[in-house]
Each structure stands twice: as C-alpha cells, then as structure tokens.
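Chains as they are written, first to last, in our numbering: chain A, 1 to 317; chain B, 1001 to 1293. Cβ coordinates follow ideal geometry from the N, Cα and C atoms, glycine included.
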Amino acid sequence: MGRYLLRRLGLAIVTLWILSLIVFFAGQILPGNPARAILGNLAAPSAVRALNHQLGVDRPLVTQYLSWLGGLLHGNMGKSYTYQSAVEPFIRAALINSAKLAALALVVIVPLGILGGVIAALNYGRALDRLISLTGSSAATVPEFVSGIVVIVIFGVTLKVLPVTAAAGAGASFFTQLKYLILPAVPLVLVLFGYIARMARAGTIEALESDYARTATLKGLKRSVVIRRHILRNSLLPTITVIATQTGYLIGGLIVVETLFNYQGIGKLIFSAATAKDFPMLEAGVLTIGVVYMVATLAADLLTFSLNPRLRVGGME
Amino acid sequence: MTDAVATAPAEIVPVLPTRRELPIWRLLLRRPSFVIGAAILLFWIVCAIFGNAIAPHDPLAQDLLRLNKPPSAAHWFGTDPLGRDVLSRVIVGSRTILIVTPLATLLGTVLGTALGLAMGYFGGLLDALVSRLVEAVLALPAVIIIFMFVVALGSSVRTLIIVIGFIFTPLVARTVRSSVQVERQLDYLSSARLLGERPARIMFVEILPNVIPTVVVEFTVRLGYAIFAVATLAFLGFGVQLSTPSWGSDINASYGLLGAGYWWETLFPALAIASLVIAINLVADSTQQVVAG
C-alpha cells in the first residue's frame, strides 16, 4: 500500500506541475502588457514601464515562471493587479463560499443519483431504464446557465417563492443562507445526476450478473436482501470514485452558476479576474481549482482502496 | 446406427444475417431517439442557413417604442431591451454556434486521432508524456481552460475553433489510443509488420479503418461538449462579437433583467440552446449504441 500511495502522490505532483505550466503560459500569451491594462490608454509610457518593472513582468518568461512557482511553493500565490494586495485572502474567502454551495449540491445529488442509477439497473432494458439514462445524459449536457435560467424563471420570477440571487447578506442565519442557495444548487444537481446515476447503474448491472448474486438468489434469500447485502455493497465502489472526481468538476462548474446568481465564490472570482485582466488572481484561482480536484481524486482512490479489500492483496500494479 | 450422425463433424453452421450487416444509417433510423435528435438538429441547421428568410422580423431592427414587450401575436417571443424581435433572433442565432462547434470538434478529432494512433502504436515516451498532459487538462473542467485562453487571446471565430480544437486533441487521443491498443493484439497487424509495411501505412491504412467507429462516437460526444463550451463562453460575455445574433450573447445581454420580470428575452434563447444540446446528445447516444452493437 505504501508503494502505491507514493506512486499515486508522485503522479499527482507531476500533473499539478504540468497544470501550473499550462496556467502560467495561458496567462502570458495575452497581447499588450499588464501595466497598460491597469493604467489605461492615457498613461505615460514611462509610467507604464515603471509599473511593468515593479510588477516584474519585464523579466524573461522563464525567470517569471520560476519566481511564480517558487512563490506558490511558499504559499505565496501572487499579488492581484486589481486590488494591489496578496490574492490568498480573496481565494480563501471565495473557496469557503463555493464549498457551501458545492456541499449543498452534493448532499442532494449523491442519494438521488445513486437511487436513480440503481432503479435504472433493476429495470435494465425497460422503458424506465431508458428514461432515467437519457434524462441523466441530457441533463448533464445542458449548460448550467440554461437550467439555471429555467429555474429562475419558474421559481424566482413566476412563483416568486425563492430569491433570484444567491447573496444572502452578511451574518445571515443558516436557514436564510440555505434558502438563497437552493436555486443555484439545482443546475449543479442536474449536471451531476447523469454521471453518478450512470456509474451506479453500470456497477449494479455488473453485480446483478455476478455469480455471487445468483448464488444468493438460489439459496433462497429475498430479493430485497440480495440487493441490499450483496449487490449494493459491490456496485457502489466505482460510484464513490466518480463522486469524488465530480467534486472537483463541481467547483469548476461554479464559474457559470456563481456568475448567474451573483454569488461570491471561486467561480465568480475567476470570472471577475478574467474580465478585469487580473492575471495573478486568475492564475491563482484556476490553480486552486486544479489542486482541489487533485485532492478529491486522491481521496477517492484512497477511499476505494480502503473499502475494497481485494485491492490490498497485490493487483494494484 | 445413429453413431454416424452423432459423430459427424458439425461443419455446416448456418450463418444468420446479423443486425450488424445492415448499413449503420439504417440501424440509426430505426431508433426513435436518433430520429428525434436528428430532426431537431436539422431544424436548427435550416435556421442557420435560411434564418433571415424564415424570421418574421428583421432580427437587427430596433423598435424603441416596444422595449421589453412580453410575448404577443405580433411578437410571439416578445421583444428585447432594444425592441428587437426575440423569435427572429432565436431563429438566426443558431448560425454562429453551428459554424464554430463542428469545425472546432473536427479539428480536435483529426489531430486527436492522429496523436492517438501514434500513442497506441509506438507507446513509450510519447505515450507517457501525452498521458500526463491529458491528466493535467482533465484536472480542470474544459470550459475553464478554454475560458483562460479565450480571455488571453480574445474571442474570434478562428481563436475559438483553434483553442477548443487543441483542448479536445489530447482527450480524443486518449480514447483512440485505447482502441488502438486493442487492435495491436490482433493478427493482421503482425502480418502487416512481417510484410514490411512502414509504421505510417500501418497506422493510417491498417488500423485507422478499424477504429473509425470509436472516432465517430468521440466526435458526436465532443460536439456536445463544444456546444456547451461555446454557449457558456458567450453567456460569460466572451462570445464571438459578430453582427449576427447568438443565443449565448443574447442571454448575456438580458439575464440581468430577469429580476425585473422580463423572462422571455432570456428564456427562449436558453431553451434553444437546451434543445440543441439535447438533440446532439440523442444523436451521440444512439450512434454509440449502434456502433457498439
């Protein structure tokens, strides 16, 4: 297990490093220069040069990348062009807000997705199965802002039962915050339902066709017992992996939902940084999402590993 | 006396015509989900080409006396903040997305297939390097990476096609690679190698025709993602700035008015996007099932 862990961790670090390269160079290919973007068209060329020097963007690219990377390793993610201060406090606050929204979505979607998938599998090949599968895959491809708009129109504008923005205001109670987060969570739930249901369905179908399920049925156990004790325990393993992977996706998918509902999370932060051409903030935000994703995937692997005794005896290589 | 019959080698096995022997398009037409998806897709393609002739009003004509009017007999989908007819804009608005997304997906599929063939055939360092790259790209939702590049490069039709195509390349390559690895085990490849065929010929003449079904499925699935990405970028305000209307940009311009109750100018383009992605998804889903047999 130790070797597997080390290998897995090593690969994650390499992937993160490549991600940092992509993020950094995406931020560098912008035409023009940051100081001009900050100071505007009317600023004197000398002022622009001075600010560029102060920001350190007149150095060679490799030097800039190394100093940026060095900063990251020391927990220094850079200095925002817009706010002229370190980006970490902004990232931290936004991440907490996003985590609340993502947590609500997950609490709803995990049981719903698993239930949908298991029901589809138990009705394998029938109309109900097709219906659940197609609804799931269609909902997963509809952009979040589209489903977000539909629920805003229905619940916010027509029925007027829920607020159309997500900003509950400072110091709002738990239930007020919850009420404001219901509508933004719906598009996330819709997108994830398809993925989780599909995995739960595939796992359940595999388990249903297995020898141990047949043995359990033949020795006279009731169908409900076979499903609960023998099938679900095996079929949900791959689903756990998908849920963890989708947690990373969830944080990334927030960019649209948070913009639509004007919610101050990491997605909105990235969006605002992009519109303001605040590249240090943008890079830090995108990289944070990458890190969250890596951690989630790693956690999923470890969880699968500890839940499935068969993996512990070799077989991992 | 029945011995002779019983021990006779069972060499005559009647070959029943299988479903696979029908041409793929006939198998597809038997599936209601494909027919519905293709019909919706065809509808939007017709709108993209002949939109200006179909639209009841000029989609660009402003009527400053009729701003934000709700749906009525004259304007079925109402009017937008500049008094333009929403129905006409929805009809013409399919054009940009139907030009950008197929081209971007095609670019990604062609490059990805070539790369995937090379990865699967040669393996080794190339395979290891690209696999790492795929993981790094997958560590973020594609929309975020595309968004970063479009913010940096500015959004034009060409930039969108190239950025989306390049982001899709490693993803397509990964899928094609695993198909190629299956093919590599088969005898016809050893024969080709023994005949002294060059790697390029083996990859493109021998292997490619056998992985085409995978490529077709990958194309339809990626097309759905491309539409997702382009629509999302337009919604975020990074759409292609053209004189022709586009659904995402129209939503970007009007969703701020949802709170004021002007729902029609945002809802109808949103439903148009939903119908297009669902149509592509139905087509992709049925193609996948037919190809998989």
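8 Å Cβ cutoff met for residue i and residue j
i, j, result
"alanine 1142 of chain B", "valine 1092 of chain B", "no"
"glutamine 264 of chain A", "asparagine 97 of chain A", "yes"
"methionine 1119 of chain B", "valine 1137 of chain B", "no"
"valine 292 of chain A", "isoleucine 251 of chain A", "yes"
"isoleucine 240 of chain A", "alanine 300 of chain A", "yes"
"leucine 55 of chain A", "alanine 35 of chain A", "yes"
"tryptophan 1044 of chain B", "leucine 1276 of chain B", "yes"
"glycine 1108 of chain B", "valine 1172 of chain B", "yes"
"threonine 1175 of chain B", "glutamate 1218 of chain B", "yes"
"leucine 1064 of chain B", "threonine 1079 of chain B", "no"
"leucine 39 of chain A", "valine 48 of chain A", "yes"
"isoleucine 149 of chain A", "leucine 1103 of chain B", "no"
"valine 164 of chain A", "glycine 1259 of chain B", "yes"
"leucine 122 of chain A", "alanine 185 of chain A", "no"
"proline 45 of chain A", "alanine 1231 of chain B", "no"
"glutamate 1183 of chain B", "isoleucine 1207 of chain B", "yes"
"leucine 232 of chain A", "serine 20 of chain A", "no"
"leucine 178 of chain A", "leucine 101 of chain A", "no"
"proline 1081 of chain B", "serine 1286 of chain B", "no"
"methionine 77 of chain A", "glycine 71 of chain A", "yes"
"leucine 1194 of chain B", "isoleucine 1202 of chain B", "no"
Rounded Cβ spacing between residue i and residue j (contact assumed at less than 8 Å)
i, j, result
"glycine 1112 of chain B", "proline 1170 of chain B", "7 Å"
"phenylalanine 90 of chain A", "leucine 269 of chain A", "6 Å"
"serine 147 of chain A", "aspartate 278 of chain A", "Incorrect: roughly 29 Å between the Cβ atoms, too far for contact."
"threonine 204 of chain A", "alanine 244 of chain A", "Not quite, the Cβ-Cβ distance comes to about 19 Å (not below 8 Å), so this is no contact."
"phenylalanine 1235 of chain B", "valine 256 of chain A", "7 Å"
"serine 137 of chain A", "alanine 120 of chain A", "The pair is not a contact, with the Cβ atoms about 11 Å apart (cut-off 8 Å)."
"isoleucine 266 of chain A", "leucine 254 of chain A", "6 Å"
"isoleucine 1040 of chain B", "alanine 1284 of chain B", "Between alanine 1284 of chain B and isoleucine 1040 of chain B the Cβ distance is about 13 Å, and since that is not below 8 Å, they are no contact."
"leucine 1028 of chain B", "phenylalanine 1034 of chain B", "5 Å"
"threonine 1101 of chain B", "isoleucine 1273 of chain B", "Not really, about 12 Å apart at Cβ, beyond 8 Å."
"valine 107 of chain A", "alanine 139 of chain A", "Contact doesn't hold; Cβ gap of about 18 Å is too wide."
Under 8 Å from the C-beta of residue i: neighbouring residues of chain B
i, result
"isoleucine 149 of chain A", "Ile1251, Tyr1255, Leu1258, Thr1266, Leu1267 and Ala1270"
"isoleucine 240 of chain A", "Those do not exist, as isoleucine 240 of chain A stays about 19 Å from chain B at its closest Cβ, beyond 8 Å."
"isoleucine 22 of chain A", "Ala1136, Val1137 and Ile1145"
"valine 108 of chain A", "Chain B residues near valine 108 of chain A: none, gap ~20 Å exceeds 8 Å."
"tyrosine 293 of chain A", "Ala1139 and Leu1140"
"leucine 282 of chain A", "Met1148 and Val1151"
Chain-ordered chain B contacts of residue i [CB-CB under 7 Å]
i, result
"serine 137 of chain A", "Asn1281 and Asp1285"
"glycine 290 of chain A", "Ala1139 and Leu1140"
"threonine 215 of chain A", "Under the 7 Å cutoff, chain B gives no residues; its nearest Cβ is about 30 Å from threonine 215 of chain A."
"tyrosine 197 of chain A", "Strictly speaking, residue 197 of chain A in this sequence is alanine, with tyrosine absent from that position. Here the premise fails: no neighbours, minimum Cβ distance about 14 Å."
"glycine 27 of chain A", "Ala1152"
"isoleucine 152 of chain A", "Leu1258"
"valine 164 of chain A", "Leu1258 and Gly1259"
"valine 57 of chain A", "Under the 7 Å cutoff, chain B gives no residues; its nearest Cβ is about 14 Å from valine 57 of chain A."
"valine 157 of chain A", "Leu1258, Gly1261 and Trp1263"
Under 9 Å from the C-beta of residue i: neighbouring residues of chain A
i, result
"serine 1033 of chain B", "Arg130 and Leu134"
"aspartate 1171 of chain B", "For the record, residue 1171 of chain B in the displayed sequence is leucine; it is not aspartate. Near leucine 1171 of chain B there are no residues of chain A at all, since even the closest Cβ is about 14 Å away, more than 9 Å."
"leucine 1236 of chain B", "Phe145, Ile255, Val256, Thr259, Phe271, Ala274 and Thr275"
Residue i: contacting residues in chain A (beta-carbon distance under 7 Å)
i, result
"alanine 1274 of chain B", "Val142 and Val146"
"glutamate 1135 of chain B", "Thr15"
"arginine 1132 of chain B", "Val14, Thr15 and Ile18"
"isoleucine 1144 of chain B", "Gly252, Ile255, Val286 and Ile289"
"threonine 1232 of chain B", "Pro143, Phe145 and Val256"
"phenylalanine 1228 of chain B", "Thr141 and Pro143"
8 Å Cβ cut-off: residues of chain A touching residue i
i, result
"tryptophan 1076 of chain B", "Those do not exist, as tryptophan 1076 of chain B stays about 17 Å from chain A at its closest Cβ, beyond 8 Å."
"isoleucine 1278 of chain B", "Ser138, Thr141 and Val142"
"glycine 1224 of chain B", "Thr141"
I want to know whether the region 153-166 of chain A touches the region 219-237 of chain A - three or more CB-CB distances under 8 Å. no
Report the residue ranges of all beta strand (DSSP E) runs contained in full by the region 203-268 of chain A; include only those spanning at least 3 residues, in chain order. none
Quick check: the region 1094-1101 of chain B against the region 1246-1262 of chain B, are at least 3 beta-carbon pairs closer than 8 Å? yes
Please give the ranges of any alpha helix (DSSP H) in the region 276-311 of chain A, keeping only runs that are unbroken, at least 4 residues long and fully inside the region. 279-307
Is there contact here, the region 1142-1159 of chain B with the region 1217-1224 of chain B, by at least three beta-carbon pairs under 8 Å? no
In chain order, which alpha helix (DSSP H) runs of at least 4 residues are fully inside the region 1068-1131 of chain B? 1086-1092 and 1094-1122
Do the region 100-114 of chain A and the region 188-199 of chain A touch if we need at least three Cβ pairs shorter than 8 Å? yes
Using 8 Å as the threshold, is the region 1078-1091 of chain B in touch with the region 1052-1069 of chain B, meaning 3 or more CB pairs across them? yes
For the 8 Å Cβ check, are there 3 or more pairs between the region 60-79 of chain A and the region 10-25 of chain A? yes
Continuous beta strand (DSSP E) assignments of at least 3 residues falling wholly in the region 1198-1261 of chain B: none
Is the region 1231-1242 of chain B touching the region 125-141 of chain A, taking contact as three or more C-beta pairs under 8 Å? no
Hey, which unbroken runs of the alpha helix (DSSP H) at 4 residues or more fall wholly within the region 34-87 of chain A? 34-39, 45-55 and 61-73
Ignoring anything shorter than 4 residues, give me the alpha helix (DSSP H) runs that lie fully in the region 96-179 of chain A, in order along the chain. 127-141 and 144-151
Complete alpha helix (DSSP H) runs within the region 1143-1190 of chain B (minimum length 4 residues, chain order): 1157-1184
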